[in-house]
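Everything on this sheet refers to the single structure shown next.
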Amino acid sequence: SKKANAFFSGIGKKKKIVLFDTLIENHTTEELVAVLAHEVGHFKKKHIVWSYVLSVVQIFFTLFILSLMVFNENLSLALGGQVQAIHLNLIAFMILFSPISGITGLFTSMYSRKNEFEADAYAKTTFNGEALANALKKLSVDSLSNLYPHPAYVFFHYSHPPLLQRLTAINRKDV
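Using the working numbering, the letters of the sequence shown map in sequence onto residues 123 to 297.
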């Protein structure tokens, strides 16, 4: 692949950590072990399980809202239909659900950024914070990351904390 990355996936007997070939080629053994420790941190902190739980809750919430709207005759009439009109109700659902989805996306991104800090802290305490910091710097260079993104942009769009925030957290003495 062209992008260096690593991730933890799965639950139960189907757990795995994936390291992309470009990550392996461009990092030292110590940096790779630090990245592995970060990914193990996601497992130890149960981030994957909780992400699955949150996804299921979001899906049920979406289906619940859809069930309230799709066969609602009063909604069809309010939208100008003469009778129950599923197509009108589906359009209304899509219009209504777009901002709701945006809000849930914000919470998902905030949760993801918190998880990244926790996995970084786990890697620091169980292996080597300096090696993790070096790996993150290389990954940032490889992906042309913005070192100084606007905080509002981070809040609305980033699933991972910006590099400088992660390095600051890794270098703190209390972690």
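Think of the CB as a built atom: it goes at the ideal place given N, C-alpha and C, for glycine as much as any other residue.
Counted as a single uninterrupted DSSP element, the stretch harbouring PHE130 is not any alpha helix (DSSP H) but the beta strand (DSSP E) occupying residues 128-131.
Per DSSP, the continuous alpha helix (DSSP H) segment holding LEU199 begins and ends at 195-200. By the Cβ-count criterion, LEU212 is exposed, with fewer than 16 other Cβ atoms from all chains shown falling within 10 Å of its own Cβ.
Contact between the segment 154-169 and the segment 189-209 is absent: fewer than three C-beta pairs spanning the two stretches fall below 8 Å.
In this structure, ILE292 places its C-beta atom within 8 Å of the C-beta atom of ASP242. The three-state reading of DSSP puts VAL140 in strand, counting E and B together. In the DSSP annotation of this structure, THR150 is not part of any alpha helix (DSSP H), being labelled neither H nor E.
Taking a contact to require three or more Cβ pairs closer than 8 Å, the segment 162-180 and the segment 229-243 qualify as touching.
Per DSSP, GLY227 is one residue of the alpha helix (DSSP H) stretching across 208-248.
When rounded, the separation of the alpha-carbon atoms in LEU228 and ILE217 is 18 Å.
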